[in-house]
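S.K.: Numbering (the numbering used here), first residue to last: 2 to 677. Right, I'll just put the structure down here and ask away after.
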Amino acid sequence: MIRKKIEKEYNEKIKEITKLNKFYYEKNNPIVDDSEYDILKRNILELESKYSYLKSKNSPSVTVGFKPSKNFRKAPHRVPMLSLANAFDQDDLSNFEKKIMNYLNQKNRIEIEYSAEPKIDGISASLSYKNGNFITGLSRGDGKEGEDITENLKTINDIPQKILSKDFPNDIDVRGEIFIQNNDFKKLSDKFANPRNAASGSLRQKDSLETKKIPLKFIAYTFGYEKGLKITKQSEFLKKLKEWGFKTNPLNKTITGIENLMKNYKEIENKRESLNFDIDGIVYKINDFKLQKRLGNITNSPRWAIAHKFSANNGVSKIENIEIQIGRTGALTPVAKIKPINIGGVVVSNATLHNEEEIIRKDIRIGDTVLIERAGDVIPHVISVDLKLRNKESKKFIFPSKCPSCGSKTVKEYNSITKKEDAVRRCISEGFECEKIAIEKIKHFVSKEAFNIDGFGKKIVENFWKKNLVRLPQNIFTLDYSVIESLDGWGKQSVSNLKYSIDSKRTVPFEKFIFALGIRHIGLENAKLISKHLLSLKNFISLAETKKFDDLINIDGIGETQINSIKSFLVNKTNLKVLNDLSRLIKVKDTILVKKDGLFINKTFMITGKLEGISRAEAKSLIEENSGSIISNVSKKLDFLIIGEKPTKRKIEAAKDLKIKILSQAEWLKMLDKTS
Ligand code: IVH
2 MIRKKIEKEY
12 NEKIKEITKL
22 NKFYYEKNNP
32 IVDDSEYDIL
42 KRNILELESK
52 YSYLKSKNSP
62 SVTVGFKPSK
72 NFRKAPHRVP
82 MLSLANAFDQ
92 DDLSNFEKKI
102 MNYLNQKNRI
112 EIEYSAEPKI
122 DGISASLSYK
132 NGNFITGLSR
142 GDGKEGEDIT
152 ENLKTINDIP
162 QKILSKDFPN
172 DIDVRGEIFI
182 QNNDFKKLSD
192 KFANPRNAAS
202 GSLRQKDSLE
212 TKKIPLKFIA
222 YTFGYEKGLK
232 ITKQSEFLKK
242 LKEWGFKTNP
252 LNKTITGIEN
262 LMKNYKEIEN
272 KRESLNFDID
282 GIVYKINDFK
292 LQKRLGNITN
302 SPRWAIAHKF
312 SANNGVSKIE
322 NIEIQIGRTG
332 ALTPVAKIKP
342 INIGGVVVSN
352 ATLHNEEEII
362 RKDIRIGDTV
372 LIERAGDVIP
382 HVISVDLKLR
392 NKESKKFIFP
402 SKCPSCGSKT
412 VKEYNSITKK
422 EDAVRRCISE
432 GFECEKIAIE
442 KIKHFVSKEA
452 FNIDGFGKKI
462 VENFWKKNLV
472 RLPQNIFTLD
482 YSVIESLDGW
492 GKQSVSNLKY
502 SIDSKRTVPF
512 EKFIFALGIR
522 HIGLENAKLI
532 SKHLLSLKNF
542 ISLAETKKFD
552 DLINIDGIGE
562 TQINSIKSFL
572 VNKTNLKVLN
582 DLSRLIKVKD
592 TILVKKDGLF
602 INKTFMITGK
612 LEGISRAEAK
622 SLIEENSGSI
632 ISNVSKKLDF
642 LIIGEKPTKR
652 KIEAAKDLKI
662 KILSQAEWLK
672 MLDKTS
């Protein structure tokens, strides 16, 4: 699926660049500026280097730059230089192994051992040695014929010119990768787009003295033609290469089983950033040469090897605009709207710029060409700006000094702990008075950890805001459902579902209620602490009159920052109206302090199956209020297993085995009755 998408995107880009070339070269009338052309070209080259299956005769990697150069003599490879098939996930690896098993007619009877070798992203070369002397070196070319780059290769220190070891074959082509280390690339980064280009460019210099200036490296990993090689395994060959004086990859390993390949893959992917050379995946080769021979090749690649690629995580794009988003706590977050690019199969069109300070530090401007990274679930962000491609007329981005939503003053607070000004600029208005903050506060109010109103998502909050249906949290409980039913996308059923979800949340524990208010610095934990101290919403509201905020300092875990935040919340009239209205519309349950010596003291419970008329959460609180605790496994530590409807049989059996007391819901509630 992803592959199809990527191919489609690639072909569209090729079509686009072909058109731009036509206007530029044939009509002498460019239709875009150079920086736009460069971004497109880079995107194509990046896609090609990330996904080796992408190819086009109109690609800038073929049409410009390194056409089989006339500077070098062409020469045939004695054994073709093959390429590798790609795998992207565990399924691909399992299929790869399955095919091998079928081919060898083994139904998982043998355990396959692999040589796992991090795949360096450089330029491959084949070095012919005769009687221990380095004679000729060829580039890969089209795999059958390469360019004779012997003179340039001779300038590379890692390539032994003469090998005296007795067991070094009389005639062999040693193959490996030419590359440039990242620290060396840094010094050349104004001349080349990436380390791979730098290696390729220097290797193809007409004058080998030019190549010599660049610290190229060579890592050996395989052989082509050979006569007199007495070795049976790839891992042995790698060991021998080292003995003969070649460099090999220090991260090479011998591994058995797909699961272990995956483990190693993840470990190396995590290390990737800290390595001094670029790798784009891991090559797995069947370790046993006999098996390799039996398996042979498919047209262009061996059946016995595969490249497990890392997912791409960055790409180049252009900032089209910088927007300021306002969060629930008033933080102004700048977001770069970028020309959409595909990073590892996901189209990215927004990148966070974090805060004002980040923009100043990196001098990020509208119109800039930037490197964007997207890693895992982290929001895509800007790594660097390509200053070479910056338009001369570009201007520094001026961060707004007023809130773009409500026009209030914005401030960078002084952090008394770090003794520094905050990096984040904030709108100073108190919550519901700033439109953007209010919307975010309502989203928070209905969110999973707060009121948890099913089906009341962020889009609905925005839509209801636009339609003027919800301005403050209390409006949620007085919605006019007939109006909603008339809105686009709503029907009788969905409205009735929404009504049901809202009505089922008309009773909430006090701690959830405090958290749902979205007071700055009052997260779930602090809300719990406050609820245990104040016990009821009534007490919370009366704080606004008594102004006994300082009492809160007695709460272990609550500090000045939190108290100030509660103070500013409670002195605001709108907030008080929110509290008063809500207290009439819903039931906020008082906090019941857990009895330290309750009926269930030192007793553990587990619930399996659905309970009638009581939620799991409520059952848990009931147990906890009576000093009991809930555990999640059936073990010797368990005292009671409570069974509801459709319980897990396995749990019941395990409990019986351990002679644990099993209770029906009624029996358990009866126990509780005794306490009241
Ligand atoms: S083995 C038939 N081993 O990956 C085996 N290749 O797409 C092919 N590469 O052109 C080569 N590290 O440039 C092999 N440890 C390694 C490698 C490796 C990087 C490159 C090489 C080759 C490409 C295959």
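Just so it is clear, CB atoms sit at the ideal spot from N, CA and C, and this is done for glycine as well.
Quick one: using the 10 Å Cβ neighbour count with 16 as the cut-off for buried, is residue 549 buried or exposed?
M.R.: Counting from one through the sequence shown, the residue named residue 549 turns up at place 548. Result: exposed.
S.K.: Check residue 607 in the structure and name its three-state DSSP category.
M.R.: By 1-based counting over the sequence shown, the position of residue 607 is 606. Residue 607: strand per DSSP, three-state reduction.
S.K.: Sort out for me which residues DSSP pairs residue 335 with in a bridge.
M.R.: In the sequence shown, counting from the first residue as 1, residue 335 sits at position 334. The partner list for residue 335 (beta bridge, DSSP) reads 325.
S.K.: Are the beta-carbon atoms of residue 229 and residue 173 separated by less than 9 Å?
M.R.: Counting from one through the sequence shown, the residue named residue 229 turns up at place 228. Counting from one through the sequence shown, the residue named residue 173 turns up at place 172. Going by C-beta atoms, residue 229 is nearer than 9 Å to residue 173.
S.K.: Compare the Cα-Cα distances from residue 281 to each of 360, 344, 122, 307 and report the closest residue.
M.R.: Position 280 of the sequence shown holds residue 281. Closest option to residue 281, Cα to Cα, is 122.
S.K.: Do the stretch 434–450 and the stretch 399–415 make contact, defined as three or more Cβ pairs closer than 8 Å?
M.R.: Contact holds: three or more Cβ-Cβ distances are below 8 Å.
S.K.: Run the proximity test for residue 454: is its beta-carbon closer than 8 Å to any non-hydrogen atom belonging to ligand 1?
M.R.: Here residue 454 refers to the residue found at position 453 of the sequence shown. Result no, Cβ not under 8 Å from ligand 1.
S.K.: Return the chain-ordered ranges of every alpha helix (DSSP H) run that is complete within the stretch 425–492 and spans a minimum of 4 residues.
M.R.: 436–447, 459–467, 482–486, all fully within the stretch 425–492.
S.K.: Residue 579 by DSSP, collapsed to three states: which one?
M.R.: Taking the first residue of the sequence shown as 1, we reach residue 579 at position 578. It is helical.
S.K.: What are the complete alpha helix (DSSP H) segments, minimum 4 residues, inside the stretch 38–86?
M.R.: With a minimum length of 4 residues, the continuous alpha helix (DSSP H) runs that stay inside the stretch 38–86 are 61–64.
S.K.: Taking residue 22 as part of the alpha helix (DSSP H), name the residues at either end of that continuous run.
M.R.: As a working mapping, residue 22 is identified with position 21 in the sequence shown. Start and end: 3–22.
S.K.: Grab me the residues of residue 329's own chain with a C-beta within less than 6 Å of its C-beta, minus the 5 sequence neighbours each way, in chain order.
M.R.: The sequence position of residue 329 within the sequence shown is 328, counting from 1. Excluding residues within five positions, the ones whose Cβ falls inside 6 Å are 441, 442, 445, 519.
S.K.: Could you give the first and the last residue of the continuous alpha helix (DSSP H) run that contains residue 547?
M.R.: Residue 547 sits at position 546 when you count from the first residue of the sequence shown. Note, residue 547: alpha helix (DSSP H), 538–547.
S.K.: Would you call residue 235 buried or exposed, if buried means 16 or more other Cβ atoms sit within 10 Å of its Cβ?
M.R.: Within the sequence shown, numbered from 1, the residue matching residue 235 stands at position 234. With 16 or more other Cβ atoms within 10 Å, it is buried.
S.K.: What does a CB cutoff of less than 7 Å around residue 79 pick up in its chain, not counting 5 residues either side in sequence?
M.R.: Working through the sequence shown from its first residue, we reach residue 79 at position 78. Within the same chain, residue 79 has close Cβ partners 174, 225, 226.
S.K.: For residue 218 and residue 42, I'd like the C-alpha separation in whole angstroms.
M.R.: Your numbering for residue 218 matches position 217 in the sequence shown. Your numbering for residue 42 matches position 41 in the sequence shown. Each residue's alpha carbon lies about 27 Å from the other.
S.K.: Comparing the C-beta of residue 87 with each C-beta of chain B, is any distance below 9 Å?
M.R.: Within the model displayed, chain B is absent; a lone protein chain is all it includes.
S.K.: List the DSSP bridge partners of residue 528.
M.R.: Position 527 of the sequence shown holds residue 528. Paired residue(s): none; residue 528 is not in a bridge.
S.K.: How should residue 422 be labelled, buried or exposed, when 16 other C-beta atoms within 10 angstroms of its C-beta is the threshold for buried?
M.R.: Here the question's residue 422 lines up with position 421 in the sequence shown. Label assigned to residue 422: exposed.
S.K.: Alpha carbon to alpha carbon, what distance is there between residue 62 and residue 37?
M.R.: Looking up residue 37 in the sequence shown gives position 36. Looking up residue 62 in the sequence shown gives position 61. Going from the Cα of residue 37 to the Cα of residue 62 covers about 17 Å.
S.K.: Among the residues of its own chain, which have a CB less than 7 Å from the CB of residue 196, if the five just before and after it don't count?
M.R.: Your numbering for residue 196 matches position 195 in the sequence shown. Correct list, in chain order: 180, 181, 183, 186, 279.
S.K.: Please report the distance separating the alpha-carbon of residue 4 from that of residue 266.
M.R.: Within the sequence shown, residue 4 is the residue found at index 3, counting from 1. Within the sequence shown, residue 266 is the residue found at index 265, counting from 1. Straight-line Cα distance between these residues: approximately 21 Å.
S.K.: To which residues does DSSP link residue 574 through a beta bridge?
M.R.: Counted from its first residue, the sequence shown places residue 574 at position 573. In the DSSP output, where bridge partners are listed per residue, residue 574 has none listed.
S.K.: Within 10 Å of its beta-carbon, does residue 523 have 16 or more other beta-carbons around it, so buried, or fewer, so exposed?
M.R.: Numbered from 1 along the sequence shown, position 522 holds the residue referred to as residue 523. With 16 or more other Cβ atoms within 10 Å, it is buried.
S.K.: Would you call the stretch 607–625 in contact with the stretch 648–661, where contact means no fewer than 3 C-beta pairs closer than 8 Å?
M.R.: Short answer: they touch.
S.K.: Would you say the beta carbon of residue 120 comes nearer than 8 Å to a heavy atom of ligand 1?
M.R.: Here residue 120 corresponds to residue number 119 of the sequence shown, with the count starting at 1. Indeed, a heavy atom of ligand 1 lies less than 8 Å from the Cβ.
S.K.: Alpha carbon to alpha carbon, how far is residue 502 from residue 476? Give it in angstroms, no decimals.
M.R.: On the sequence shown, residue 476 is found 475 positions in, with the first residue counted as 1. On the sequence shown, residue 502 is found 501 positions in, with the first residue counted as 1. Taking the straight line from one Cα to the other gives about 15 Å.
S.K.: Given the structure, does residue 286 come close to ligand 1, in the sense that its CB is under 8 Å from one of the ligand's heavy atoms?
M.R.: Sequence index remark: in the sequence shown, residue 286 carries index 285 (1-based). The answer is yes for residue 286.
S.K.: Span of the alpha helix (DSSP H) holding residue 513?
M.R.: Against the sequence shown, residue 513 aligns to sequence position 512. From DSSP, the alpha helix (DSSP H) with residue 513 extends over 511–517.
S.K.: If you measure between the beta carbons of residue 517 and residue 452, is that distance less than 9 Å?
M.R.: To locate residue 517, count along the sequence shown from 1; it is residue 516. To locate residue 452, count along the sequence shown from 1; it is residue 451. In contact: residue 517 and residue 452 (Cβ atoms closer than 9 Å).
S.K.: With DSSP as the reference, identify every bridge partner of residue 149, one or two as the case may be.
M.R.: On the sequence shown, residue 149 is found 148 positions in, with the first residue counted as 1. Per DSSP, 139.
S.K.: Could you check where the beta strand (DSSP E) with residue 128 kicks off and where it finishes?
M.R.: Taking the sequence shown and counting its residues from 1, one reaches residue 128 at position 127. Element bounds for residue 128: 124–131.
S.K.: Run the CB neighbour count on residue 415, radius 10 Å, all protein chains shown included, and call it buried at 16 or more, exposed below.
M.R.: The residue you call residue 415 lines up with position 414 of the sequence shown. Exposed is the call here.
S.K.: Looking only at C-alpha atoms, which of 135, 146, 398 sits nearest to residue 153?
M.R.: As a first step, residue 153 must be located in the sequence shown, where it is residue number 152. When each option's Cα is compared against that of residue 153, the closest is 135.
S.K.: In terms of alpha-carbon separation, which member of 572, 589, 470, 459 lies closest to residue 510?
M.R.: To locate residue 510, count along the sequence shown from 1; it is residue 509. Of the listed residues, the one whose Cα sits closest to residue 510 is 589.
S.K.: Is residue 223 close to ligand 1? I mean its beta-carbon at under 8 Å from any heavy atom of the ligand.
M.R.: For the purposes of this step, residue 223 is identified with residue 222 of the sequence shown, where counting begins at 1. Yes, the Cβ of residue 223 comes within 8 Å of a heavy atom of ligand 1.
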